[in-house]
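Following numbering that gives the first Met the number 0, the numbering of the sequence shown begins with 0 at its first residue and continues without gaps.
Backbone N, C-alpha and C define an ideal beta-carbon position, used for all residues, glycine too.
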Amino acid sequence: MRRLIPLLFTLGLAAVTGAQTPNTLTAAERSAGWRLLFDGKSAAGWHPYGKTSAGAPTKAQGWDVVDGTLVALGKGTASTDDIVTDGEFENFELELDWKVAPQANSGIFYGVVEGKDGIYATGPEYQLIDEDGWPDPLEAWQKNGADYAMHPPLVKSAKPVGQWNHARIVVNGTHVENWLNGAKTAGFERWTPEWEALKKAGKWKDYPQYGLAKKGKLGLQNHGNMVWFQNIKVRAR
């Protein structure tokens, strides 16, 4: 037993249990083309939406890096920023883990073009929310895993508040898929007559640039109460 304890410290708990260390990539993932967008220590590679000089979200309003997580502080601060990646992406696969506090609301964006009315003016949103604890009735297109204000989720697959969820977004030309905890929550084709009709009939009718960019930045929303993110990774398709 006296030899086992030092061995645990030497190998590390992750090695002993077989669990992967958060915010890292395995050799297989690196070989497959994945790259990290958050290292668990800083917010390098991200900046507040609409601000030309890149900086860490700890310098943005309402963000912090705590215990290996990127945290949107939500209503805990007087003002908030949404954040976007410094780089742009066209055809890609994005994966990340997220969890929300009670009555929290947030989203994951792609195809974001800065200089517009806000992150939502151009970037389609993968919805994150305390679906069961939200104080007001939700439309179907406001629920977890939805293509927000466009395509309601196909299934309910979010875990209870405070537990980690795994999100996956696949963008390949006109085709987009949203996945939540291994379940497909949305799948659609962009820029078709049906897509245009949905856009013009709903919330985005007054945002002509919504969803049009073939290439843009990824974004995270700071919209209400705390949301935690980790294991953010992307690969080109």
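- Judged by DSSP in its simplified three-state form, Pro-47 adopts strand.
- Beta-carbon to beta-carbon, Asn-221 and Gly-61 are separated by about 5 Å, close enough to satisfy the 8 Å threshold.
- Listed in chain order, the non-local C-beta contacts of Asn-171 below 7 Å within the same chain comprise Asn-90 and Arg-236, local neighbours out to five positions each way being set aside.
- Annotated as distal: Gly-144 and Gln-102, with beta-carbon spacing of 8 Å or more.
- In summary, Gln-162 is exposed, with fewer than 16 beta-carbon neighbours lying within 10 Å of its beta-carbon over all protein chains present.
- Linking Ala-182 to Trp-203 through their CA atoms gives a straight-line distance of about 26 Å.
- Two segments are said to touch when three or more pairs of C-beta atoms, one from each, lie closer than 8 Å; by this definition the segment 189-197 does not touch the segment 59-73.
- CA-CA distance, Val-226 to Arg-29, rounds to 27 Å.
- Cβ-Cβ separation between Thr-121 and Gly-215: approximately 7 Å, consistent with a contact (criterion under 8 Å).
- Ranked by how close their Cα comes to the Cα of Gly-117, the residues Ile-82, Val-160, Val-175 and Glu-130 have Ile-82 in first place.
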